[in-house]
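Some notes on the structure that comes next.
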């Protein structure tokens, strides 16, 4: 089930990637980004893909989401598109990749997600999105 | 001009009133210029994490253009005291 979901998501990401190639003006890129981040509850811009992250920081975000049982999210590989790589930095006014969005709103990069994970805030934020964190169902005490 | 740990520290102290800064040059572990910082400033008080990180990013905006990877931890003096005890 999950693997089916993943392949659908990857397909979506690829289709979006193809659309990026044709967009030209930076204004258009920003408009596209606004639509993309609002399309899904959880959206991640990263280097590589969830199945094959190409950078430790991007991998950290993927692992944190996995720990919370969040599998249904869209990811966009900025290494495949320079316009997207620059565009997302301008869009969120954030200088680095990865970037995480919840409900169309910029949450932060890897450091912020990690700190939210450690403080327990991430469980709460996911709850606001209607996603029950898998960590809540674990019987073992968290670290 | 190469970016140094001292340069980053001085700038964070001068511009966002940091009372304690730890800068680690992690370039050797990565493929290009990389830094890891811990910033403690009373100016972070009452500000959400995202806003604190934005303050640091803004302070180092010129430097970040040359930096490949940048990790940060932003704490209030109170949080810093607590963390030191752990």
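Residue numbers (the UniProt record's numbering), protein chains in the order written: chain A, 1 to 143; chain B, 1 to 86. The C-beta atom is built at its ideal place from N, Cα and C for all residues, glycine as well. Nothing here was measured: the structure is a model prediction, and the numbers come from that model.
Do the stretch 115-132 of chain A and the stretch 54-63 of chain B touch if we need at least three Cβ pairs shorter than 8 Å? no
Quick one: list the residues of chain A neighbouring residue 72 (chain B), beta-carbon separation under 8 Å, in chain order. Sequence index remark: in the second chain, residue 72 (chain B) carries index 72 (1-based). Result: 111.
Contact set between the stretch 82-97 of chain A and chain B, restricted to residues whose Cβ is under 9 Å from the partner: 93, 94, 95, 96
In this structure, does DSSP put residue 27 (chain B) in helix, strand or coil? Within the second chain, numbered from 1, the residue matching residue 27 (chain B) stands at position 27. Helix at residue 27 (chain B).
If you measure between the beta carbons of residue 29 (chain A) and residue 87 (chain A), is that distance less than 8 Å? Looking up residue 29 (chain A) in the first chain gives position 29. Looking up residue 87 (chain A) in the first chain gives position 87. A contact, by the Cβ cut-off of 8 Å.
Quick check on residue 86 (chain B): does DSSP put it in helix, strand or coil? Locating residue 86 (chain B) in the second chain gives position 86, counting from the first residue. Residue state, collapsed to three classes: coil.
So if DSSP puts residue 53 (chain A) in a beta bridge, which residue, or which two residues, is it bridged to? Along the first chain, one-based indexing puts residue 53 (chain A) at 53. In the DSSP output, where bridge partners are listed per residue, residue 53 (chain A) has A:48.
8 Å is my cut-off, CB to CB: does residue 69 (chain B) come that close to chain A? Taking the second chain and counting its residues from 1, one reaches residue 69 (chain B) at position 69. It does: the Cβ of residue 69 (chain B) has a partner Cβ on chain A nearer than 8 Å.
Give me the Cα-Cα distance between residue 60 (chain A) and residue 106 (chain A), rounded to the nearest whole angstrom. As a working mapping, residue 60 (chain A) is identified with position 60 in the first chain. As a working mapping, residue 106 (chain A) is identified with position 106 in the first chain. Residue 60 (chain A) and residue 106 (chain A): Cα-Cα distance of roughly 17 Å.
Nearest by alpha-carbon distance to residue 33 (chain A): which of A:101, A:114, A:135 is it? On the first chain, residue 33 (chain A) is found 33 positions in, with the first residue counted as 1. Among A:101, A:114, A:135, the Cα nearest to that of residue 33 (chain A) belongs to A:101.
Which first and last residues belong to the alpha helix (DSSP H) in which residue 62 (chain B) is found? Residue mapping note: residue 62 (chain B) aligns to position 62 of the second chain, counting from 1. Start and end: 61-64.
First and last residue of the uninterrupted beta strand (DSSP E) at residue 29 (chain A): Taking the first chain and counting its residues from 1, the one referred to as residue 29 (chain A) is at position 29. From DSSP, residue 29 (chain A) is part of no beta strand (DSSP E) but of the alpha helix (DSSP H) over 26-39.
Whole angstroms are fine: how far does the CA of residue 37 (chain A) sit from the CA of residue 23 (chain B)? Locating residue 23 (chain B) in the second chain gives position 23, counting from the first residue. Locating residue 37 (chain A) in the first chain gives position 37, counting from the first residue. Cα to Cα, residue 23 (chain B) sits roughly 33 Å from residue 37 (chain A).
Pick from A:113, A:111, A:98 that is closest to residue 50 (chain A), judged by C-alpha positions: Here residue 50 (chain A) refers to the residue found at position 50 of the first chain. The shortest Cα separation from residue 50 (chain A) among A:113, A:111, A:98 belongs to A:98.
Answer with yes or no whether the minimum CB distance from residue 53 (chain B) to chain A is below 8 Å. Against the second chain, residue 53 (chain B) aligns to sequence position 53. By this cut-off, residue 53 (chain B) is an interface position.
Close beta carbons around residue 78 (chain A), own chain, < 8 Å, minus the five adjacent residues each side: To locate residue 78 (chain A), count along the first chain from 1; it is residue 78. Non-local C-beta neighbours of residue 78 (chain A) in its own chain, meaning closer than 8 Å and more than five positions away in sequence, comprise 45, 46, 47, 84, 85, 88, 97, ordered along the chain.
To which residues does DSSP link residue 76 (chain A) through a beta bridge? By one-based count along the first chain, residue 76 (chain A) stands at place 76. For residue 76 (chain A), which the question treats as bridged, DSSP gives the partners A:45.
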